[in-house]
Each structure stands twice: as structure tokens, then as C-alpha cells.
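At position 489 of the sequence shown (counting the first as 1) the number is 489 in my numbering, and the numbers step up by one without a gap. For glycine and all other residues, C-beta sits at the position ideal for the given N, C-alpha and C. Worksheet: one structure, shown below.
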Amino acid sequence: MQIFNWVKKHILKKEERVIKIIENEQTLVMAVSPVEEIQFESDDIVTISQNNFIDTTDPLSIAKYKNNLRLLVDEVKEKKSVDKFKIIRDDDFFPTDWQWRVASQSTGIELSSFGLSYALKQIVASYNLGNYQNNPFSIPLDHDKLNEEMRKLGRYFAAIYMPVRFRSTKHFTINTPLSYTGEYNCVESDRNFTIIDNINNFLLSGYAYSADYRDAYLDVTHESLSISEEAIVLIAEDRYQTLLQDPKIASDLEKRHVIVYRGEEAVAINMILSQEGVLPARPGNRYMIYDDEIRTILENSMKMLCANNGIEYSKGHGNIDGKGGHFSDLYDGYNREFYEAQEDFIAFLINCFPENTNLINYRILRDSYYAENLIKAVGVDALLQAIDDYNQHVLKLFVVNFNKYVEDRATITPEISQIFKQTVLFIRNFYETGQDKNLSFEESEKFKNLVTLFYHAKTVEDQLLAATEICNTFSVAIQNDTNICNSFSM
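As C-alpha cells, this is what we get:
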């Protein structure tokens, strides 16, 4: 009977309700019930959202979407090109002040669970069940009950504030829902916010690295990417009211066009694209299957967009041993902010429990066995209080550091901006032309350290110093590439 359970879990969708399962001892019959369909025809692109709401399961919405697709396909075939592009990003973190910023210690923190968190959650859950008060460190026999009790405690019980993982780039899809790129982007969609924006700021930023429908990315380490006033924010119906409880988010959302959706996120994105006159790169096979002509036009149009803007076409970002991907991914891996934050937490616990210093080390974060030894020594309540105190400390410190970061970035003049852009371009060309392979070991280490400083330094001044040193030391490595050094004489 396992096959029946698998089908029910993976194929049946509560929004669709189109597949019925008939079970007997040996066979599985799948009977498809026709979805209610209505006819809708218009010679013009029509708006699908009503009162800033889209129901992707509504037959009229589906009919309008199909009509829009038909018109857009006809238009593209007539023009022989796609000329309207939107960048799309799913994110759990709302972009403060409508800026896409670097993911770093200065710009974001999040609750992270470690071995210590798990051990505390398991012990508290055991106490709550009332079965293991004498020996809470023994493994309960009823795992299902324990797991259920642990779920009741919440995802972030005993979690610890850590900086978001450093990421020098911001990634988007173009004219494509993220969930439709699963063969390439192994990234969770279904986030709190989806922001659909025009592509102009991305193209004009001077920091764009690569573009394709499934992935487009640029450097945001040195300057943020502004979200235009024309941007649309898409939010799931079941999350909207909860998100509005944050007064800052509620206030910010008033400054942009917000659409709430019911049903499937990918379909809602494509419906919005279609009513904006943009042909979705992947429309969803349930609604239309593109022929070879459309697919060829889509590909050629993206290649032309990249060529006209000096951007690499479909350059993968993942960098394995420095090969095959973009250099920035390699340098993201050198960042140590997350590990330094763990060191800070360990030091904080040592200060709280100096008599148990021998039990407080990295192993309590990675292995619940060592965490349990510490819990036995200091007690559950004392550790939970310590974690809460640490989290409050980190929150206050983050507010201060973020404000400093914003103030510091405001000191970037047009001249400094040009230097940063030329330095990014120089480093890209350095790797693209293989000049890094011509360096001696000492030169390679110096170059790596300078580029790391250029990307990881927390102030504009330190990044500018690194850019200057890169120019002075390595500008002769690429013949006729003097743009970066010329920038310093502006």
C-alpha cells in the first residue's frame, strides 16, 4: 500500500482536486476529473488581479491567463524578440528601505539551531511529557510522542542569533518563478515575500555579473541595488495579516503595489507577468507548452540582452574548487563571520559559567552529546536564560551595527562608486582571462588576500584601500586594462 500513500502525498494537490484514487488489492487507477473551465477571449491583455488579489485556482483567472499567454506569444512571434524583462526574487527578509543589500553580519541576523538547541528542546519536551523527570537524558521509547512535543515548542526554541551567511551577490530569476527552475536552482521558494521589479536598475547598476531566465546575479557588497517604485510585492494570503503585524513592514508596504494571492505562488507570479505584458519564460505546462520557435526567441533575446549590457550569459555561480563557476562564490566561502559569531557565543557562555569552562567549546554546538554534559552541569533554566540574554545582546548590537553600515555606505561618492565598479570588473576579467594562473604562489596569496579584503571589509575606507592596492600591484597583469587605475585619477 506504500504506492498509494506516495501518490496521495506527492501527486494529489488540495488546490486542484482533479485526481481520484481507486484502491484494490493489486491495482491503482487514477481517474482524472475535468477541472471546471470557462471560455474567455479578448483582443487585449487583461488584468487578472482584482482589488489587489489573485486566486490562481479561480477558473476565470485561469482563462484570463491563458488568453494573455496567447496574445503575448503572438506578439513575440511577430516581433521575433522578447523586449520586456522583470527581475523576481523570493525572500524571507524584507528589504529595508527598498534596497537589496549584501547578506552579511552588518545587514542581517537570524535564529539558528545547533546541537545545544536540539538537546535543550529534547529535554524540555521530555519534562513536558512527565515521563523522564528522574533521568531526562535517557532516550525515550516513544519517539513519536517526543517529536510531537518538540514540534509544539516551536522551530526556534533555544535557537541562537547568528549572522546570515555572507553572500556578496544578490540572485534573481527573470520572467520566471523560482520554483519552475528546480533543475538548476536548488533553492527553497515559498518565502514570505516575492518582489517583481523592472530590470533597469539591475542593468544600469554597473555590478551585474550574469543573466539568464533561471538565474541573474550582481555584486551588492559595495553598493545596494535599489528597488524601483514600480515594483510589485506578492504575498501569500495566509501570511499577509501576520506580516502586517510588524509596523515597519506594514508602513513600508504602503509605498509599493502589493498583491495578495491564493493558490500556487508560481502561477500567481506568471499571472502578474502576463497582465504586465511580459511573456513568462516558463508558463506552466498546464496552461501552455511553448513550441521551438518561442523557445528559440526567448534564448536569443536573453543572449542579446546580455551582449548589449556587457553581462555574461548564463554564467553559473557555484564554484567548486575554483572551477566552472563565478569567482565571487569562491570568495564568499572564505568569509568567517558566521564562525566568529559562534566564537562570540562560546565566549559569552564561558563568561556566564566560568566554573564549567572545560565543558564549553565548539562541540556543544555540533553534537548534542556534549551539549547534554553542559546541561547536566548548569541546568536547563540557566542555559535557556543565557541564550535569551545573548540573543537580546545580539539584537541590540545588530541595530547599532546596521545603522553604522548604512551611514558608512552613504559616504560613497560617484568617484568611489566608479572605482568599486572598475575593481569588480578588473577582478572578473582577471579570472576570466586566466591571469590568476600566471601568478607565483606568493603573488596568488597576496591577490587572494586583497580581493578577500575588498569584499569582506566592513567599511568603505578599507574596501577602497584594498581596491587601490589591487590596482597598484596587479593592473599590469592584464595588458591594456587600465580602466581601474584611471578611475583613481578622477
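A straight line joining the alpha-carbon of Leu-450 with that of Phe-474 spans about 11 Å. The beta-carbon separation of Leu-218 and Lys-152, rounded to 42 Å, does not stay under the 8 Å limit for a contact. Per DSSP, Ala-159 is not a residue of any alpha helix (DSSP H), being assigned neither H nor E. Non-local C-beta neighbours of Val-164 in its own chain, meaning closer than 6 Å and more than five positions away in sequence, comprise Ala-103, Gly-108 and Glu-110, ordered along the chain.
Approximately 4 Å separates the beta-carbon atoms of Gln-99 and Ser-224; this is inside 8 Å, confirming the contact. Glu-110: member of the beta strand (DSSP E) spanning 109-112, first to last residue. In this chain, the beta strand (DSSP E) harbouring Arg-89 covers 86-91. Where Asn-175 is concerned, there is no enclosing beta strand (DSSP E), because DSSP gives it neither an H nor an E. The DSSP-derived three-state label of Ile-196 is strand.
Within its own chain, the residues whose Cβ lies closer than 8 Å to the Cβ of Tyr-431, once the five positions on either side in sequence are excluded, are Phe-327, listed in chain order. Under the three-state reduction of DSSP, Lys-458 is assigned to coil, being neither helix nor strand.
Per DSSP, the unbroken alpha helix (DSSP H) holding Val-394 starts and ends at 380-409. Of all C-beta pairs linking the segment 204-211 to the segment 301-312, three or more are shorter than 8 Å, placing the two stretches in contact.
In the displayed model, Gln-39 falls within coil according to three-state DSSP, outside both helix and strand. Linking Ala-250 to Thr-56 through their CA atoms gives a straight-line distance of about 24 Å. Excluding the 5 residues flanking it on each side, Glu-337 has same chain C-beta neighbours closer than 7 Å at Ser-104, Gln-105, Pro-163 and Phe-166, in chain order. According to the DSSP assignment, Leu-279 belongs to no beta strand (DSSP E), since it is labelled neither H nor E. Only residues of its own chain outside the window of five on either side were considered, and among them Leu-120, Ile-123 and Val-124 have a CB closer than 7 Å to the CB of Val-380, listed in chain order.
Sequence-distant partners of Asn-401 (beyond 5 residues in either direction) whose C-beta falls short of 6 Å from its own C-beta, in its chain, are Ser-106. Annotated as distal: Val-260 and Lys-84, with beta-carbon spacing of 8 Å or more. Here the alpha carbon of Thr-423 sits roughly 29 Å from the alpha carbon of Glu-229.
Cβ-Cβ separation between Ile-88 and Thr-173: approximately 5 Å, consistent with a contact (criterion under 8 Å). Going by DSSP, Ser-126 is part of the alpha helix (DSSP H) stretching over 115-129.
Boundaries of the beta strand (DSSP E) harbouring Arg-262: 257-262, taken from the DSSP string. The C-beta distance from His-222 to Phe-420 rounds to 4 Å, short enough to meet the 8 Å contact threshold. For Lys-170, the pairing in a beta bridge is given by DSSP as Leu-218. By the Cβ test, the segment 454-470 is not in contact with the segment 262-273, since fewer than three Cβ pairs between them sit closer than 8 Å.
Pairing Arg-191 with Asp-91 gives a Cβ-Cβ distance under 8 Å. Secondary structure note for Ile-294: its alpha helix (DSSP H) is the uninterrupted segment 292-308. Short of 7 Å from the beta carbon of Phe-345, and not among the five residues preceding or following it, lie these beta carbons of its own chain, in chain order: Ile-160 and Tyr-390. For Asp-238, the enclosing alpha helix (DSSP H) starts and ends at 237-244. By the 16-neighbour rule on beta-carbons within 10 angstroms, Ile-269 is buried.
Assignment of beta-bridge partners to Ala-103 by DSSP yields Arg-167. For Ile-350, the CB contacts under 7 Å within the same chain, skipping 5 residues up- and downstream, are Thr-357 and Ile-360 in chain order. In terms of Cβ geometry, Ala-281 and Asn-175 form a close pair [threshold 8 Å].
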